[in-house]
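Per the working numbering, the sequence shown starts with residue 100, numbered consecutively. We put the beta carbon where it would ideally sit given N, CA and C, even for glycine. All remarks here apply to the structure that follows.
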Amino acid sequence: MPEKIEAAVYDGLSQDDMERIEGEPPEMFPSPVEAIRWGMDQMDADGRPVFKEEAHAQNAYEKVRREVNPQSAREMRDAWVEEVMRRKEWLEEASDIAA
Numbered sequence: 100m101p102e103k104i105e106a107a108v109y110d111g112l113s114q115d116d117m118e119r120i121e122g123e124p125p126e127m128f129p130s131p132v133e134a135i136r137w138g139m140d141q142m143d144a145d146g147r148p149v150f151k152e153e154a155h156a157q158n159a160y161e162k163v164r165r166e167v168n169p170q171s172a173r174e175m176r177d178a179w180v181e182e183v184m185r186r187k188e189w190l191e192e193a194s195d196i197a198a
């Protein structure tokens with residue numbers, strides 16, 4: 100069954116398109132747990148995780164929620180994705196400086 104779903108989603112797309120789609124953040128997160136899990140899955144260009152431990156991701160998520168005070172799930176999603184991407188860019192910049 101998963102193969103049929105994958106075929107329906109990716110049918111006719113190039114490998115580059117499939118990888119691009121797979122790498123994009125979801126439109127919405129069904130729950131904070133899923134949002135944090137997505138953040139945990141994010142890696143920089145060198146394959147280093149944005150968050151080394153789940154507790155760090157949870158703390159970052161809660162900090163975003165406190166500071167942004169989102170009025171909707173969409174606002175929280177956008178703020179969380181922005182924070183994770185900011186951290187990902189910071190890791191990559193730090194790697195470039197160290198090299």
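Status (buried if at least 16 other CB within 10 Å, exposed otherwise) for residue i
i      : result
Trp179 : buried
Val163 : buried
Val149 : buried
Ala193 : exposed
Gln114 : exposed
Gln141 : buried
According to DSSP, residues forming a beta bridge with residue i
i      : result
Pro148 : Met142
Straight-line gap, residue i to residue j (C-alpha atoms, nearest Å)
i      : j      : result
Met139 : Met127 : 16 Å
Asp143 : Pro124 : 14 Å
Ile196 : Glu102 : 42 Å
Lys151 : Asp110 : 35 Å
Glu188 : Arg165 : 22 Å
Query raised in the report: Do the segment 148–157 and the segment 168–176 make contact, defined as three or more Cβ pairs closer than 8 Å?
Result: The segment 148–157 vs the segment 168–176: no contact.
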